[in-house]
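Asker: Protein chains in written order, with our numbering: chain A, 406 to 522; chain B, 1381 to 1490. For glycine and all other residues, C-beta sits at the position ideal for the given N, C-alpha and C.
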Amino acid sequence: GAVVSQHPSWVICKSGTSVKIECRSLDFQATTMFWYRQFPKQSLMLMATSNEGSKATYEQGVEKDKFLINHASLTLSTLTVTSAHPEDSSFYICSARHGTLNTGELFFGEGSRLTVL
Amino acid sequence: AQRVTQPEKLLSVFKGAPVELKCNYSYSGSPELFWYVQYSRQRLQLLLRHISRESIKGFTADLNKGETSFHLKKPFAQEEDSAMYYCALAPGGSNYKLTFGKGTLLTVNP
């Protein structure tokens, strides 16, 4: 149980286009989801906290107009990279907090690799 | 501000040898500490958390508030332990906003 799935696993797009990445909790309701960015051989950097039914909370230095986050249901959060540029190329990972388990554990998606040409 | 430091980017040991992955943190309150592991081509998953004081796959970690450390230890490393290990900190309470260390790549040689 407690599986988080991301889609797509990898995507290549042209500069200037927008890309949407989905994060789904498959067998549980996730009241909170988190989006991270990971550069090669570096750690995960938290981008934003996504709460169902409310606006996302962005970390300092993350452009909210660039990285649009929507958490429309208890099982789905989306990250849209708008007007993508090559510097947005990265590995994007989501995690979800189980709505009823209060263990402190976060469940991670498999990640989505974005390459902007 | 909270910070997690993993001083070793790479750690290489032989099978059967003890292993210790270091983690130090800075946080003004009472944090919750975790170790997450990422095996090759797999997603990040929880290995253990300090509040449960459990041993998972032979690994243990003790929170030392005096030294602000949460080192991960295993007395006899196995080849299947080779992976990327991340120490993470969450503020106490119900906030699960994790701050990750930069990770340590553990390689266990046969």
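For Arg1423(B), decide whether its Cβ has a neighbour in chain A, counting only Cβ atoms nearer than 8 angstroms.
Answerer: Here residue 1423(B) corresponds to residue number 43 of the second sequence, with the count starting at 1. Arg1423(B) counts as touching chain A.
Asker: Quick one: does Gly1409(B) have its CB under 8 angstroms from some CB of chain A?
Answerer: Along the second sequence, read from residue 1 onward, the residue named residue 1409(B) stands at position 29. Gly1409(B) does not count as touching chain A.
Asker: Are Leu1338(B) and Trp1415(B) closer than 8 angstroms when you measure CB to CB?
Answerer: Residue 1338(B) lies beyond the residue range present for chain B, which begins at 1381 and ends at 1490; the question has no answer from this structure.
Asker: For a quick check, are the C-beta atoms of Pro1398(B) and Pro1455(B) less than 8 angstroms apart?
Answerer: Start at 1 with the first residue of the second sequence, and residue 1398(B) comes out as number 18. Start at 1 with the first residue of the second sequence, and residue 1455(B) comes out as number 75. Contact flag set, yes.
Asker: In chain A, which residues lie with their C-beta within 9 angstroms of the C-beta of Leu1391(B)?
Answerer: Within the second sequence, residue 1391(B) is the residue found at index 11, counting from 1. Residues of chain A passing the Cβ test: none, with the nearest at roughly 15 angstroms.
Asker: Determine whether the beta carbon atoms of His503(A) and Phe513(A) lie at a separation below 8 angstroms.
Answerer: Residue mapping note: residue 503(A) aligns to position 98 of the first sequence, counting from 1. Residue mapping note: residue 513(A) aligns to position 108 of the first sequence, counting from 1. Contact flag unset, no.
Asker: With a threshold of 16 other CB atoms inside 10 Å of the CB of Glu1459(B), please say whether the residue is buried or exposed.
Answerer: Numbered from 1 along the second sequence, position 79 holds the residue referred to as residue 1459(B). Classification of Glu1459(B): exposed, given that the 10 Å Cβ count is below 16.
Asker: Given that Phe1480(B) touches chain A, what residues does it touch there, using C-beta distances under 7 angstroms?
Answerer: Here residue 1480(B) refers to the residue found at position 100 of the second sequence. By Cβ distance, chain A contributes Ser448 and Leu449.
Asker: Contact defined as beta carbons within less than 8 angstroms: I believe Val424(A) pairs with Leu519(A). What is the distance between those atoms, to the nearest angstrom?
Answerer: As a first step, residue 424(A) is located in the first sequence; it is residue number 19 there, counting from the start. As a first step, residue 519(A) is located in the first sequence; it is residue number 114 there, counting from the start. Yes, they are in contact, since the Cβ atoms of Val424(A) and Leu519(A) sit about 6 angstroms apart, within 8 angstroms.
Asker: For Lys1477(B), which option in Leu1427(B), Leu1413(B), Phe1450(B) and Ser1420(B) has the closest C-alpha, if you only look at C-alpha atoms?
Answerer: Here residue 1477(B) is taken as the residue at index 97 of the second sequence, counted from 1. Selected option, being the one with the closest Cα: Leu1413(B).
Asker: Please state whether DSSP places His412(A) in a helix, a strand or coil.
Answerer: Residue 412(A) sits at position 7 when you count from the first residue of the first sequence. It is a strand residue.
Asker: Taking DSSP's pairing of strands, which residues face Glu427(A) in a bridge?
Answerer: Here residue 427(A) is taken as the residue at index 22 of the first sequence, counted from 1. His412(A) and Thr483(A).
Asker: Taking Thr437(A) as the reference, which of Phe444(A), Thr505(A) and Met450(A) has the closest Cα?
Answerer: Within the first sequence, numbered from 1, the residue matching residue 437(A) stands at position 32. Here the closest residue by C-alpha is Thr505(A).
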